[in-house]
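Undergrad: From first to last, the protein sequence lines are chains A and B. Numbers 34 to 495, taken from my numbering, label the letters of the first sequence in order. Numbers 34 to 495, taken from my numbering, label the letters of the second sequence in order. We put the beta carbon where it would ideally sit given N, CA and C, even for glycine. My questions will all concern the structure given below.
There are 2 protein chains.
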Amino acid sequence: MSKPSLARGTRDFGPEQMVKRTFILDTIRQTFQRFGFQPLETPTIENLSVLMGKYGEEGDQLLFKILNSGEFSAKLTAQDWQGDAKQLTTKIAEKGLRYDLTVPFARYVVMNRGTLAMPFKRYQIQPVWRADRPQKGRYREFYQCDADVVGTDSLLCEAEIVMMLHESLRNLGIQHFTVKINNRKILTGIAEVIGAPGLEGPLCVAIDKLDKIGREKVMQELHERGFTEEGTSKLTPIFDISSEKQPFAILKNWLSSSEIALKGIEELKQVWSMVEDFGLENPQLQFDVTLARGLSYYTGAIFEVKAHQPDGTPVHIGSISGGGRYDNLTGTFGVPGLSGVGISLGVDRIYDVMEELDLFPADQSITTRVLLTNFDEAAGRYGLRILKSLRDAGINAEMYPDAVKLKKQLDYADRKQVPYVVLIGSQEMETGLLTLKNMKTGEQNAVSVNEIIELVKAGLGS
Amino acid sequence: MSKPSLARGTRDFGPEQMVKRTFILDTIRQTFQRFGFQPLETPTIENLSVLMGKYGEEGDQLLFKILNSGEFSAKLTAQDWQGDAKQLTTKIAEKGLRYDLTVPFARYVVMNRGTLAMPFKRYQIQPVWRADRPQKGRYREFYQCDADVVGTDSLLCEAEIVMMLHESLRNLGIQHFTVKINNRKILTGIAEVIGAPGLEGPLCVAIDKLDKIGREKVMQELHERGFTEEGTSKLTPIFDISSEKQPFAILKNWLSSSEIALKGIEELKQVWSMVEDFGLENPQLQFDVTLARGLSYYTGAIFEVKAHQPDGTPVHIGSISGGGRYDNLTGTFGVPGLSGVGISLGVDRIYDVMEELDLFPADQSITTRVLLTNFDEAAGRYGLRILKSLRDAGINAEMYPDAVKLKKQLDYADRKQVPYVVLIGSQEMETGLLTLKNMKTGEQNAVSVNEIIELVKAGLGS
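Take a look at the structure:
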């Protein structure tokens, strides 16, 4: 028999990782709820007619497709077999796995728009699947945490998202981060001003590399892509502007000839001033004119979050969150005109950041707090009622199931990181006082059940 | 553009259902943790080599299989196409979707047995997929909640499971239920005693129908299946025994000639007396000699739970939980001799029971508690700091994003079942006192922010 293995690009999450992941997901969930977002879950399996054509050609290829059940090959012709895999796939696979949380959300809104309270604020925390080549840090199955408001173009939603990002990260214990903000309308305006209207796409692709390749090479790339020297010479302000936190005046001056840019600047300014009105302590909001993030999708605000070391150096390549305003969530399903704004938090990256900065709290609600030892039949029986008392008091507790050597039982407590062990032997049964062993200090005390409950609960609070 | 639809047999869970499902899953999760079980999650996608052959031939067919990526059909021969779908599947699909939580658990234990603290107590709450024909109440994607202990054959684990079932259901608010218990060894012994050793399988299939078809037809079926008149005449006690709650004496007397039956009776008795030693209030444990549940798998205790109306009539056809002791979890992966015992709770059925009996509490931790109205720019801005104060106090709160008619804003609060609305207009901004509207009673009061926090928190506690 061959050794079993995991499918490529997938992971098990054992108890230790689950405790940490649960902390992340519960914290995000609670924060989203604090802001009035409601939970939604959509199925793992969607009809391919819902998924295909929504993620570009590459996305279509990265969709995991499910083979039809039964005699799926019976009606196929030689021509079907000899054609390309893409054609054949349409004949033998009708369903696929969820690729992101946005398209299923759009499908849900379209199918339920008669009954939803609009504007609809939903959050969704579920895994998605992509048939990508697995590499370090990139998996074929991973969680996304999305929060979106649809059915309004109020800029309050953008300000709320800035607030919610700050609150989520601080609740997780991540104190050092930057919430970057930009606006698609400003990018559109820049393209106009440099005489390349509609070309903000290739413009952004090049500018996005500024950090990596430097100003000169960005210019070179732009010229190769057909931007004129005259045009790119007008780009100069872009290279300095992001060092200013609120560069509204510079932007207005620079882009005064573009109506859409001025609208974008005004939007940005309003979001900023609402965040101020909220009274957010120590806001970490920063304008970044180079921020584009899959531009084609966004129509207004664009967000991205990066975490830092306490000294300001970045923790992890890539962002831990991103999002923005879009104007046509459901257009692809025939329901146009629904504007929305949302963000997505990357659980794996947040996990890595928190590991690197050692930010995970010792979670005490999930793991076992007390292990009762099992010396022999009589002592084991005697312990059952004590076990129940501990649990009734809200303490996670268990008894070692077999009457084996104490060393083995203590070793079990150690491996499971159980902080307290209660020893029950003949002496304990006679006196009614139990021996409580603190596994960290090694200290042992003779105490009553009620005292154990008090001690352990005091430890829970700390 | 065609209207989007859900894949057959799948469901969306909107906010209202999610609130209820989250209550169920969180309650179960917490109870499992209280008993020292630790969380595990395994991937949705498993290699078919792990899944195939583990669920019988029917199970193999019900597995959802994932089409290989890329040019999967390039190397196929005419022979491959013309063969049956089963053969062809092995050439174009290497991965499948999780079918239950037991096989992935076994795979995990085998792959990690060097590092796991044994006995290993894990719980796992995840969806599974089956390409079944969808019908009312049967879905292709549904959650399972499993808890298992492996690596010990201590009967304490069986007693713990009885305790945990009581605790889980009572924590959910389900007060009226029966935990049925049987033991495979008793069934094996009965087959011996009636002169049909090894035939407890067909015996159980027939006896299982007792409730539905009655004693006479059960006998008829047994004779058709080749059981002798002489043998089945010795079955008489089976028809009366389950009305006794603890029929150890009758069982011993009846099955005294079978060593294995006597061992099973002894096990049953021990589990029972441990539950008594725990001091469980009002235990709902009942012996049921007809309980078999996929017999081939179980080697000791067998469990099943049914919910009732307060008057004792059953709530729902079928059980809400089942499980038992097995002796060879990992044998199929080449690691023999690992004994375990576990249960599985059916989330969909528990949901239906709780709906039918109206047991869901009004959950206040997930939904929005306070909506702030939005009259105009100035009032909206004024409200932002109040919104933050409410959230900082732990209250889920939101502001209506647009300055539309009050009726529309109140209608939104109604549809979202928000219990309090705070009205902010010019008067409120002048006096600093806000108008708090109780959406249930219609009552309105002029109050300060701190009073709102107190009032809403008092409501949270109730």
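Which residue or residues does DSSP assign as beta-bridge partners of phenylalanine 210 (chain B)?
TA: Locating residue 210 (chain B) in the second sequence gives position 177, counting from the first residue. Answer is B:Ala340, bridged to phenylalanine 210 (chain B).
Undergrad: Quick check on phenylalanine 408 (chain A) - is its C-beta less than 9 Å from some C-beta in chain B?
TA: As a working mapping, residue 408 (chain A) is identified with position 375 in the first sequence. Chain B, which has no Cβ nearer than 9 Å to the Cβ of phenylalanine 408 (chain A), makes this no.
Undergrad: Chain B partners of methionine 144 (chain A), CB-CB under 9 Å?
TA: Here the question's residue 144 (chain A) lines up with position 111 in the first sequence. Within 9 Å Cβ-Cβ: Lys36, Pro37, Ser38, Leu39 and Asp45.
Undergrad: Given that tryptophan 114 (chain A) touches chain B, what residues does it touch there, using C-beta distances under 9 Å?
TA: Against the first sequence, residue 114 (chain A) aligns to sequence position 81. Neighbours of tryptophan 114 (chain A) in chain B, taken as residues whose beta carbon is under 9 Å from its own, are Ser106, Leu109, Ala111, Asp113 and Trp114 in chain order.
Undergrad: Could you name the residues of the same chain whose beta carbon sits closer than 8 Å to that of glutamate 476 (chain B), not counting the 5 residues immediately before and after it, in chain order?
TA: Locating residue 476 (chain B) in the second sequence gives position 443, where the first residue counts as 1. Around glutamate 476 (chain B): Lys470.
Undergrad: In whole angstroms, give me the CA-to-CA distance for serine 495 (chain A) and methionine 51 (chain A).
TA: Locating residue 495 (chain A) in the first sequence gives position 462, where the first residue counts as 1. Locating residue 51 (chain A) in the first sequence gives position 18, where the first residue counts as 1. Any reading at serine 495 (chain A) must be qualified, since the residue scores a pLDDT of 41, below 50, and its modelled position is unreliable; no value is offered.
Undergrad: Alpha carbon to alpha carbon, what distance is there between arginine 248 (chain B) and leucine 318 (chain B)?
TA: Within the second sequence, numbered from 1, the residue matching residue 318 (chain B) stands at position 285. Within the second sequence, numbered from 1, the residue matching residue 248 (chain B) stands at position 215. Cα to Cα, the separation comes out at about 24 Å.
Undergrad: Going by Cα to Cα distance, which pick from B:Ile383, B:Thr43, B:Lys36 and B:Asn361 is closest to proline 167 (chain B)?
TA: Along the second sequence, one-based indexing puts residue 167 (chain B) at 134. Of B:Ile383, B:Thr43, B:Lys36 and B:Asn361, the residue nearest in Cα terms is B:Thr43.
Undergrad: Helix, strand or coil: which one does DSSP assign to tyrosine 359 (chain A)?
TA: Position 326 of the first sequence, counted from the start, is the residue given in the question as residue 359 (chain A). Three-state DSSP puts tyrosine 359 (chain A) in a strand.
Undergrad: What are the residues in the segment 449-465 of chain A lying within 8 Å of chain B by C-beta distance?
TA: Residues are counted here when their Cβ sits less than 8 Å from a Cβ of chain B; for the segment 449-465 of chain A these are Lys449, given in chain order.
Undergrad: If you measure between the beta carbons of lysine 213 (chain B) and lysine 302 (chain B), is that distance less than 9 Å?
TA: As a working note, residue 213 (chain B) is residue 180 in the second sequence. As a working note, residue 302 (chain B) is residue 269 in the second sequence. No, Cβ-Cβ distance for lysine 213 (chain B) and lysine 302 (chain B) is not below 9 Å.
Undergrad: Cα separation between valine 322 (chain A) and alanine 139 (chain A)?
TA: If you number the first sequence from 1, residue 322 (chain A) lands on position 289. If you number the first sequence from 1, residue 139 (chain A) lands on position 106. Approximately 29 Å, taken between the alpha carbons.
Undergrad: Hey, could you find the ends of the alpha helix (DSSP H) aspartate 181 (chain B) is sitting in?
TA: As a working mapping, residue 181 (chain B) is identified with position 148 in the second sequence. Careful: aspartate 181 (chain B) lies outside any alpha helix (DSSP H), inside the beta strand (DSSP E) at 174-183.
Undergrad: Going residue by residue through the segment 436-483 of chain A, where are the continuous beta strand (DSSP E) segments of at least 3 residues, counting only ones entirely within it?
TA: 453-456, 467-471 and 477-480
Undergrad: When we look at the beta-carbon of aspartate 179 (chain A) and count the other beta-carbons within 10 Å, is it buried (16 or more) or exposed?
TA: Against the first sequence, residue 179 (chain A) aligns to sequence position 146. Buried, by the Cβ-count rule.
Undergrad: Out of curiosity, what's the CA-to-CA distance linking phenylalanine 175 (chain B) and asparagine 315 (chain B)?
TA: Along the second sequence, read from residue 1 onward, the residue named residue 175 (chain B) stands at position 142. Along the second sequence, read from residue 1 onward, the residue named residue 315 (chain B) stands at position 282. Each residue's alpha carbon lies about 32 Å from the other.
Undergrad: Just to confirm the assignment, what range does the beta strand (DSSP E) spanning isoleucine 158 (chain A) have?
TA: Here residue 158 (chain A) corresponds to residue number 125 of the first sequence, with the count starting at 1. 153-162 is the span of the beta strand (DSSP E), which, as asked, contains isoleucine 158 (chain A).
Undergrad: Let me see if you follow: with CB-CB separation under 9 Å, is lysine 154 (chain A) close to chain B or not?
TA: What you label residue 154 (chain A) is simply residue 121 of the first sequence in a count that begins at 1. Judged by the 9 Å Cβ criterion, lysine 154 (chain A) is in contact with chain B.
Undergrad: Can you check whether the C-beta of arginine 418 (chain B) is within less than 9 Å of a C-beta belonging to chain A?
TA: As a working mapping, residue 418 (chain B) is identified with position 385 in the second sequence. Yes, arginine 418 (chain B) counts as interfacial toward chain A.
Undergrad: Indicate the three-state DSSP secondary structure (helix, strand or coil) for glycine 494 (chain B) in the structure shown.
TA: In the second sequence, counting from the first residue as 1, residue 494 (chain B) sits at position 461. Note on glycine 494 (chain B): pLDDT 49, under 50, position unreliable in the model; no value is reported.
Undergrad: Using CA atoms only, rank isn't needed, just tell me which of B:Asn145, B:Ala229, B:Pro160 and B:Glu127 is closest to proline 76 (chain A).
TA: The count along the first sequence starts at 1 and reaches residue 76 (chain A) at position 43. If we check each option's Cα against that of proline 76 (chain A), B:Pro160 comes out closest.
Undergrad: Give me, in chain order, the residues of the same chain whose beta-carbon lies closer than 6 Å to that of alanine 334 (chain A); leave out the 5 immediate sequence neighbours on both sides.
TA: Along the first sequence, read from residue 1 onward, the residue named residue 334 (chain A) stands at position 301. Once the five neighbours on either side are set aside, the close Cβ partners of alanine 334 (chain A) are Glu191, Asn216, Gly357 and Arg358.
Undergrad: For the putative contact between glycine 129 (chain A) and leucine 73 (chain A), defined by C-beta atoms under 8 Å, what is the C-beta separation to the nearest angstrom?
TA: By 1-based counting over the first sequence, the position of residue 129 (chain A) is 96. By 1-based counting over the first sequence, the position of residue 73 (chain A) is 40. Contact check for glycine 129 (chain A) and leucine 73 (chain A): beta-carbon distance about 19 Å, past the 8 Å limit, so the pair fails to qualify.
Undergrad: With a cut-off of 9 Å, does the C-beta of methionine 151 (chain A) fall near any C-beta of chain B?
TA: In the first sequence, the residue the question calls residue 151 (chain A) occupies position 118. For methionine 151 (chain A), the nearest CB of chain B lies under 9 Å from its own CB, placing it at the interface with that chain.
Undergrad: When Cβ atoms are compared, which residues of the segment 57-74 of chain B fall closer than 7 Å to chain A?
TA: Gln66, Arg67, Phe68, Gly69, Gln71, Pro72, Leu73 and Glu74
Undergrad: Tell me which residues share the same chain as glycine 379 (chain B) and place their Cβ nearer than 7 Å to its Cβ, disregarding the 5 neighbours each side in the sequence.
TA: Counting from one through the second sequence, the residue named residue 379 (chain B) turns up at place 346. Cβ neighbours of glycine 379 (chain B) within its own chain (closer than 7 Å, five residues either side excluded): Ile353 and Ser354.
Undergrad: Spatial neighbours of serine 106 (chain A) within its chain, please: C-beta separation below 8 Å, excluding the five flanking residues on both sides.
TA: For the purposes of this step, residue 106 (chain A) is identified with residue 73 of the first sequence, where counting begins at 1. Correct list, in chain order: Ile125.
Undergrad: Are the CB atoms of leucine 198 (chain B) and threonine 60 (chain B) within a distance shorter than 9 Å?
TA: In the second sequence, residue 60 (chain B) corresponds to position 27, counting from 1. In the second sequence, residue 198 (chain B) corresponds to position 165, counting from 1. No, the pair does not count as a contact, with Cβ atoms beyond the cut-off.
Undergrad: Counting only the same chain and skipping the five closest in sequence on each side, list residues whose C-beta sits under 7 Å from that of serine 21 (chain B).
TA: Here chain B comprises residues numbered 34 to 495, so residue 21 (chain B) is not present and cannot be evaluated.
Undergrad: Which residues, taken in chain order from the segment 78-93 of chain B, show a beta carbon closer than 8 Å to some beta carbon of chain A?
TA: Ile78, Glu79, Asn80, Ser82 and Val83
Undergrad: Which residues of chain A have a Cβ atom closer than 8 Å to the Cβ of proline 160 (chain B), listed in chain order?
TA: Here residue 160 (chain B) corresponds to residue number 127 of the second sequence, with the count starting at 1. Neighbours of proline 160 (chain B) on chain A, chain order: Thr77.
Undergrad: Please list, in chain order, all residues of the same chain as glycine 427 (chain B) whose beta carbon is under 8 Å from its beta carbon, the five residues on each side excluded.
TA: On the second sequence, residue 427 (chain B) is found 394 positions in, with the first residue counted as 1. Closer than 8 Å at Cβ, skipping near neighbours: Lys490.
Undergrad: Are the CB atoms of arginine 163 (chain A) and isoleucine 78 (chain B) within a distance shorter than 9 Å?
TA: In the second sequence, the residue the question calls residue 78 (chain B) occupies position 45. In the first sequence, the residue the question calls residue 163 (chain A) occupies position 130. No, the Cβ-Cβ distance between isoleucine 78 (chain B) and arginine 163 (chain A) is not below 9 Å.
Undergrad: How long is the line joining the alpha carbons of glycine 375 (chain A) and valine 182 (chain A), rounded to whole angstroms?
TA: In the first sequence, counting from the first residue as 1, residue 375 (chain A) sits at position 342. In the first sequence, counting from the first residue as 1, residue 182 (chain A) sits at position 149. Cα to Cα, glycine 375 (chain A) sits roughly 6 Å from valine 182 (chain A).
Undergrad: Could one say the Cβ of alanine 192 (chain B) lies closer than 9 Å to chain A's Cβ atoms, at least one of them?
TA: Here residue 192 (chain B) is taken as the residue at index 159 of the second sequence, counted from 1. Interface residue, yes.
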